[in-house]
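Chemist: Going down the list, the sequences are from chains R and D.
To convert, note that position 122 of the first sequence is 1448 in our numbering; the numbers rise steadily by one, no gaps.
To convert, note that position 44 of the second sequence is 1370 in our numbering; the numbers rise steadily by one, no gaps.
Dropping a structure here in structure tokens format, bear with me for questions.
Protein chains: 2
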Amino acid sequence: MRRTKFDDWPCPIARATDLIGDWWTPLVMRELYFGRRRFDAIQESLQIPRAVLAQRLERLVAEEMITKVAYEERPPRFEYRLTDKGREFWPVLAAMWRWGSDWLWTDGEGPPVVLKDRETGAVVHPLVVDETTGRPVDLRTIRVGRAPRS
Amino acid sequence: MRRTKFDDWPCPIARATDLIGDWWTPLVMRELYFGRRRFDAIQESLQIPRAVLAQRLERLVAEEMITKVAYEERPPRFEYRLTDKGREFWPVLAAMWRWGSDWLWTDGEGPPVVLKDRETGAVVHPLVVDETTGRPVDLRTIRVGRAPRS
DNA sequence: GGAGTAGGTTCGCTCATTGAACTCACCCCG
DNA sequence: CGGGGTGAGTTCAATGAGCGAACCTACTCC
Chain R
1327 MRRTKFDDWP CPIARATDLI GDWWTPLVMR ELYFGRRRFD AIQESLQIPR
1377 AVLAQRLERL VAEEMITKVA YEERPPRFEY RLTDKGREFW PVLAAMWRWG
1427 SDWLWTDGEG PPVVLKDRET GAVVHPLVVD ETTGRPVDLR TIRVGRAPRS
Chain D
1327 MRRTKFDDWP CPIARATDLI GDWWTPLVMR ELYFGRRRFD AIQESLQIPR
1377 AVLAQRLERL VAEEMITKVA YEERPPRFEY RLTDKGREFW PVLAAMWRWG
1427 SDWLWTDGEG PPVVLKDRET GAVVHPLVVD ETTGRPVDLR TIRVGRAPRS
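Here's what the structure looks like:
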């Protein structure tokens, strides 16, 4: 049977999972965030099967995370550019980066790479807070409620 | 062929993706965050195939996101409890929640559910910031660098 | 002794992912 | 003009993961 789809569930986590839950997709986004825009560049960097990359890019275009732009007509050549929707997804990967760095290196060291501020060079530690109060989101202080109907 | 594993890549996003990139896994974590701890409760709530749920829980236990605890000996009954590692993954799903709420409801409304502060009842809007500066993480101001060797 | 419950396994089917090879349109070089 | 190179994919056969349904086990309750 076909894999169960979550894209019409009434939960933001379910819908987001449907999109980025495809194998390789977060890594394809990572490549785009770090400036790789061409098919072969992404394929070579990730060593992703070409058929899979083609299918993932197609879906990301359909979901309007990226757009496919011809940067040359003859011969036909394309690149993939992030949309606002795609660019705003970066904080999710930043949160994953933080958690992965904190918990997935068991060798006593951390990962060999860090996020840095482009200007100051200071190391950036992503943290998820409540926009209004500024307090870190904590499972114990949060519950789910019905949305206030406006 | 077997699906490519990312769990030993030198990138925090890749390693985290390997774990939560399994289909259903973020939703299983969501159920645990919202208090469902028993196999049948999770299975019924998500309508996830039982074999898949068993395999996901097994992996989450192996990765120390959760522990399996007998809450009753005769008859044998179990529940799954979050570890610190599992609980600290919640901010990643909170960031996904925010992005999903902002971008995945095209019907003019938002999702029917929101996150609320358990005490004040105020709606919580997760936001990913830099822990040191407090500024929202923005792709344009961030780059990747080698980790300072301590 | 039969029904019910919690927590899984087993099964056969289909779809997705994989690596390797192939295509296509074009350019450049001699 | 022929040969090699490049970017962007498509095609292919083999294997593995996800699917729904049925089954199993160990107990309790009536």
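Beta carbons: idealized from backbone N, C-alpha and C, even for Gly.
Within 10 angstroms of the Cβ of D:Val1454, are there 16 or more other Cβ atoms? Answer buried if so, exposed if not.
Modeler: When all chains shown are included, D:Val1454 counts as buried.
Chemist: In three-state DSSP terms, what is R:Ile1374?
Modeler: Here R:Ile1374 sits in coil by DSSP.
Chemist: Does R:Arg1469 come out as helix, strand or coil in the three-state DSSP assignment?
Modeler: Strand at R:Arg1469.
Chemist: Output the distance between the C-alpha atoms of R:Ile1346 and R:Pro1352, rounded to the nearest integer angstrom.
Modeler: Taking the straight line from one Cα to the other gives about 6 Å.
Chemist: For the stretch 1455 to 1470 of chain R, which residues have a CB atom closer than 7 Å to at least one CB atom of chain D, in sequence order?
Modeler: The stretch 1455 to 1470 of chain R vs chain D, Cβ under 7 Å: Val1455, Asp1456, Glu1457, Thr1458, Val1463, Leu1465, Thr1467, Ile1468, Arg1469, Val1470.
Chemist: Taking only runs of the alpha helix (DSSP H) that begin and end inside the stretch 1404 to 1454 of chain R, which ones reach a length of at least 4 residues, in chain order?
Modeler: Complete alpha helix (DSSP H) runs here, min 4: 1410 to 1413, 1416 to 1429.
Chemist: Measuring CB to CB, does D:Pro1338 end up less than 8 Å from R:Met1422?
Modeler: Yes; because the gap between Cβ atoms is below 8 Å, this pair is in contact.
Chemist: Return helix, strand or coil for R:Thr1393, following the three-state DSSP convention.
Modeler: Note: R:Thr1393 maps to strand in three-state DSSP.
Chemist: Compute the Euclidean distance between the alpha carbons of D:Arg1328 and D:Ala1396, then round it to the nearest angstrom.
Modeler: Distance between the alpha carbons of D:Arg1328 and D:Ala1396 is about 33 Å.
Chemist: Taking C-beta pairs closer than 9 Å, name the residues in chain D that R:Glu1405 reaches, listed in chain order.
Modeler: Those within 9 Å of R:Glu1405 in chain D number zero; the least Cβ separation is about 17 Å.
Chemist: Since R:Glu1457 is in the alpha helix (DSSP H), which residue starts that stretch and which ends it?
Modeler: Element bounds for R:Glu1457: n/a, residue is neither H nor E.
Chemist: Distance, Cα to Cα, D:Pro1437 vs R:Asp1333?
Modeler: Roughly 12 Å between the two C-alpha positions.
Chemist: Considering only DSSP beta bridges, list what D:Glu1398 is partnered with.
Modeler: D:Glu1398 pairs with D:Arg1403.
Chemist: Kindly confirm or deny that the stretch 1416 to 1436 of chain D and the stretch 1385 to 1396 of chain D touch, where touching means at least three C-beta pairs closer than 8 Å.
Modeler: Flag = no, the stretch 1416 to 1436 of chain D and the stretch 1385 to 1396 of chain D do not touch.
Chemist: How about R:Val1470 and D:Leu1441: are their beta carbons less than 8 Å apart?
Modeler: Yes, Cβ-Cβ distance for R:Val1470 and D:Leu1441 is below 8 Å.
Chemist: Using alpha carbons as the reference points, say which of D:Arg1341, D:Thr1330, D:Lys1331 lies closest to R:Thr1432.
Modeler: Of the candidates D:Arg1341, D:Thr1330, D:Lys1331, the one whose C-alpha sits nearest the C-alpha of R:Thr1432 is D:Arg1341.
Chemist: Assign D:Pro1336 to one of three DSSP states: helix, strand, or coil.
Modeler: In the structure shown, D:Pro1336 sits in coil (DSSP, three-state: anything other than H, G, I, E or B).
Chemist: Taking the beta carbon of R:Asp1366 as the centre, do at least 16 other beta carbons fall within 10 Å, making it buried, or is it exposed?
Modeler: By the 10 Å Cβ count, R:Asp1366 comes out exposed.
Chemist: Is the CB-CB distance between R:Glu1505 and D:Trp1425 below 8 Å?
Modeler: Only positions 1327 to 1476 of chain R appear in this structure, which leaves residue 1505 of chain R out of reach.
Chemist: Identify the contact partners of R:Ser1371 in chain D, using a Cβ-Cβ distance below 9 Å as the criterion.
Modeler: Within chain D, no residue comes near R:Ser1371; the closest Cβ sits about 11 Å away, beyond 9 Å.
Chemist: Taking R:Gln1373 as the reference, which of D:Lys1394, D:Trp1335, D:Leu1379 has the closest Cα?
Modeler: Checked all of D:Lys1394, D:Trp1335, D:Leu1379; the closest Cα to R:Gln1373 is D:Trp1335.
Chemist: Could you spell out the range, first to last residue, of the alpha helix (DSSP H) harbouring R:Pro1352?
Modeler: Element bounds for R:Pro1352: 1351 to 1359.
Chemist: Determine which residues of the stretch 1336 to 1348 of chain R have a Cβ less than 7 Å from any Cβ of chain D, and write them out in chain order.
Modeler: Correct list: Pro1336, Cys1337, Pro1338, Ile1339, Ala1340, Arg1341, Ala1342, Thr1343, Gly1347.
Chemist: Looking at the ligand SAH, does it come within less than 7 Å of R:Gly1436, judged from the CB to the closest heavy atom?
Modeler: This structure lacks the ligand SAH; in fact it carries no ligand of any kind.
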